[in-house]
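Chemist: Numbering-wise, this note's numbering comes out as the position in the sequence shown, counting from 1, plus 621.
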Amino acid sequence: LPVTGFSGVDLVGQAGLEAEYDSQLRGKAGTQVVSVNAAGDVTGTVSQSAPANGDTLVTSLNAQVQAVAQKALDGAIARSRASGNNANQGAAVVMTTTGRVVAMASYPDYDPSVWTGGITQKQFNQLFGKSGGQPIINWAAQGQYAPGSTFKVTSTAAAVADGYPLHGLYNCPGSVSIAGHTFGNDGEPSLGDMSFSEALIQSCDTVYYDLGYDMYLKDDPKANNHPSPNAPVQKMQAMELAWGFGQDTGVDLPAESTGTIPTRQWLYYLWKDNAHTGQNWCKYGKQNGSYVQQIEWQDCQSGWQWEPGQAAIAAIGQGYVTATPLQLTNAYVALANGGTLYSPRIGEALISSATGQVAKQINPPVIRHLPVSSETLSYMRTALAGVVTQGTAAGAFSGFPLNKVCVAGKTGTAQLFGKNATSVFASFAPCDHPKYVVVVMLPDSGYGADAAAPAVRQIWDGIYGLEGHKAALP
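Structure (structure tokens):
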């Protein structure tokens, strides 16, 4: 049998923070070595050591903000269902612009005391069952959703870094044709030439479709013609990776998802794992079959290839692109604070049980500085303030006291085949010196302005005590 180092009466962290900080929290067991005679009778004590209590973990979580976030999330799910959507999961995250987690709400949630003293099969099935939204999963750190237009900040940064003028004008037609396919601007008519700021405020998809395709044409096109695990990363994807997408944030939790950035290497392994095995595209795909079968047939032929249409839709945070709510929050923290990407931390300090003093201060480590100029970051922050006053989130924030707390943000509406859209809103406040970032992601819930944005508004109300709420963080 393996030696665990635990006795039968030890309490051991099984999940979450208790598992992450188990060695510091558990303390040290006392020992006693005794001498015995041939009959097994104890004849004396050879040595003994006293037990030592473990440290106490202090977190950056705020109970009031956590309650506000969970209530806002629960309400958003209920409203989404009432309007005919099938929403049954989602997440809200609140972080400081220095990388500390203030609240992390996941829907559906559950009472962790269910683990105390054993668990019934019925309870186990409820926790892990997909029909009930899988309460066991922390969707804030493990849910992988298309970020939609909230992703346009990385696309803007990538374009400017590649030489497109920050203060240039870009055409916003009603639709664009790329490689024989038509990509529309969500039913909107042609809006003419506009700045990056206006493209973010109005969330013009066609501006970013064209940028994604134009960068695709210039970005080492020969690399798209050969399946290889060593194919170079595209410029757009390099910027997305630099913002922390497609990889762990390193948060102090035992489990998180990486999300997906479809680099050429990622596409190669997706094809290798699913062409003749896994989903077996080559077996089930049909050139003239159903829509799904046609996609499978095409993926069988060239699933490893980075294609024009993929480049277009990835630029607006759809297609293969996914992010966790925590990743999206962390990226917006970097945008809000001037470019510092942190590894988020929930733990703030460990307090010694022996002395009552701080045994260890826990600070969010810096991962990197974004490869984005301060001018570009400032420009985008100003544009995102316009989203709330005159853009896609103006309706959701109508009547909000922006004169007391200026909120900036970006809506996201990610279309998914066979489902309602994923509703996303990413925000920070106050606009001119951001202290907090609030993000809500709700799959199967419709437009970002309809489901996620009102929930974010409710969280800002609770944080700052606005619109009749009590301030959690005065």
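The beta carbon of each residue, even a glycine, is placed where N, CA and C say it ideally should be.
(1) So for Glu1088, helix, strand or coil by DSSP?
(2) So Ile934 is in the alpha helix (DSSP H); what residue range does that whole segment cover?
(3) If you reduce the DSSP assignment to three classes, tell me which class Asp814 lands in.
(4) Have a look at Ala1015 and Lys856 and give me their C-alpha separation to the nearest angstrom.
(5) In whole angstroms, what is the alpha-carbon distance linking Tyr941 and Glu861?
(6) To the nearest angstrom, report how far apart Ile988 and Thr777 are at their CA atoms.
(7) Under 8 Å, do Ala762 and Leu947 count as touching if we go by C-beta distance?
(8) Counting along the chain, where does the beta strand (DSSP E) carrying Glu969 start and finish?
(9) So, is Leu832 buried or exposed, given that buried needs 16 or more other C-beta atoms within 10 angstroms?
(10) For Asn909, count neighbouring C-beta atoms within 10 Å of its own C-beta (all shown protein chains included) and say buried if the count is 16 or more, exposed if not.
(11) Spatial neighbours of His897 within its chain, please: C-beta separation below 7 Å, excluding the five flanking residues on both sides.
(12) May I have the straight-line CA-CA distance separating Trp864 from Thr1043, to the nearest angstrom?
(13) Apply the 10 Å Cβ neighbour rule to Trp736 and answer buried if 16 or more other Cβ atoms are within range, or exposed otherwise.
(14) Rounding to the nearest angstrom, what Cα-Cα distance links Asn707 and Gln755 in this structure?
(15) Any idea what DSSP makes of Gly1033, helix, strand or coil?
(16) Going by the CB atoms, is the gap between Ser770 and Gly1007 shorter than 8 Å?
(17) Out of Gln669, Met716 and Ala690, which one is the CA nearest neighbour of Ser681?
(18) Is Ser1066 near Ser701, with beta carbons less than 8 Å apart?
(19) Inspect the CB distances between the stretch 831-850 and the stretch 920-940 and report whether three or more fall short of 8 Å.
(20) When DSSP builds the beta bridges, which residues end up paired with Phe1046?
(21) Quick check on the DSSP output: the beta strand (DSSP E) that includes Phe804 runs from which residue to which?
(22) Can you list, in chain order, the residues of its chain with a C-beta nearer than 8 Å to that of Gly665? Leave out the 5 residues immediately preceding and following it.
(23) Count the other CB atoms within 10 Å of the CB of Leu962; is the residue buried (16 or more) or exposed (fewer)?
(24) Tell me which same chain residues have a C-beta within less than 8 Å of the C-beta of Leu638, skipping the five on either side of it?
(25) Is DSSP giving Val624 helix, strand or coil here?
(26) Are Tyr731 and Gln710 close, meaning C-beta to C-beta below 8 Å?
(27) If you reduce the DSSP assignment to three classes, tell me which class Lys907 lands in.
(28) Between which two residues does the beta strand (DSSP E) carrying Cys793 extend?
(29) Rounding to the nearest angstrom, what Cα-Cα distance links Ala673 and Gln653 in this structure?
(30) What's the gap between the Cα of Thr775 and the Cα of Gly1086?
(31) So which of Leu694, Ala659 and Leu998 has the shortest CA-CA distance to Trp760?
(32) For Tyr1068, is the classification buried or exposed, using 16 other Cβ atoms within 10 angstroms of its Cβ as the cut-off for buried?
(33) Can the beta-carbon of Val1045 be found less than 8 Å from the beta-carbon of Gly1030?
(34) List the endpoints of the continuous alpha helix (DSSP H) containing Gln914.
(35) Tell me the residue span of the alpha helix (DSSP H) that contains Arg647.
(36) Measure the CB-CB distance between Thr718 and Lys1056 and report whether it falls below 8 Å.
Modeler: Walking through what the data contain:
(1) Reduced to three states, the DSSP call for Glu1088 is coil.
(2) Pro929 to Ala935 is the span of the alpha helix (DSSP H), which, as asked, contains Ile934.
(3) DSSP places Asp814 in strand when its eight states are reduced to three.
(4) Computed Cα separation, rounded: 33 Å.
(5) Approximately 13 Å, taken between the alpha carbons.
(6) Their Cα atoms are separated by approximately 21 Å.
(7) Yes, the Cβ-Cβ distance between Ala762 and Leu947 is below 8 Å.
(8) Glu969 -> beta strand (DSSP E) spans Gly968 to Ile972.
(9) Buried, because 16 or more other Cβ atoms sit within 10 Å of the Cβ of Leu832.
(10) Taking a 10 Å sphere around the C-beta of Asn909, we find fewer than 16 other C-beta atoms and assign the residue as exposed.
(11) The beta carbon of His897 sits closer than 7 Å to those of Cys903, all from its chain and outside the five residues before and after it, given in chain order.
(12) The straight-line gap from Cα to Cα measures roughly 21 Å.
(13) With a 10 Å radius around the Cβ and a threshold of 16 neighbouring Cβ atoms, Trp736 comes out exposed.
(14) For Asn707 and Gln755, the distance between alpha carbons rounds to 14 Å.
(15) Three-state result, Gly1033: strand.
(16) Going by C-beta atoms, Gly1007 is not nearer than 8 Å to Ser770.
(17) Ranking the options by Cα distance to Ser681, first place goes to Met716.
(18) With a cutoff of 8 Å on beta-carbon distance, Ser1066 and Ser701 are scored as near each other.
(19) Yes: at least three Cβ pairs fall under 8 Å.
(20) Phe1046 is bridged to Thr1032 and Val1061.
(21) Segment His802 to Gly805, the beta strand (DSSP E) holding Phe804.
(22) Short of 8 Å from the beta carbon of Gly665, and not among the five residues preceding or following it, lie these beta carbons of its own chain, in chain order: Val655 and Ser656.
(23) That one is buried.
(24) If we look at Leu638 and ignore the five residues flanking it on each side, its Cβ neighbours are Leu678, Thr680, Asp873, Leu874, Ile967 and Gly968.
(25) In this prediction, Val624 scores a pLDDT of 47, lower than 50, which makes its location untrustworthy; the coordinate-derived value is nonetheless stated afterwards. Assigned with DSSP and collapsed to three states, Val624 falls in coil, not helix or strand.
(26) Using a Cβ distance threshold of 8 Å, Tyr731 and Gln710 do not count as a contacting pair.
(27) In the displayed model, Lys907 falls within coil according to three-state DSSP, outside both helix and strand.
(28) Here the beta strand (DSSP E) through Cys793 covers Tyr791 to Cys793.
(29) The alpha-carbon of Ala673 is positioned some 14 Å away from that of Gln653.
(30) Taking the straight line from one Cα to the other gives about 32 Å.
(31) Nearest option by C-alpha distance: Leu694.
(32) Tyr1068 comes out buried.
(33) For Val1045 and Gly1030, no; Cβs fall outside 8 Å.
(34) Gln914 -> alpha helix (DSSP H) spans Tyr912 to Ser923.
(35) Unbroken alpha helix (DSSP H) run through Arg647: Asp643 to Arg647.
(36) Between Thr718 and Lys1056, the C-beta gap is smaller than 8 Å, which places the two residues in contact.
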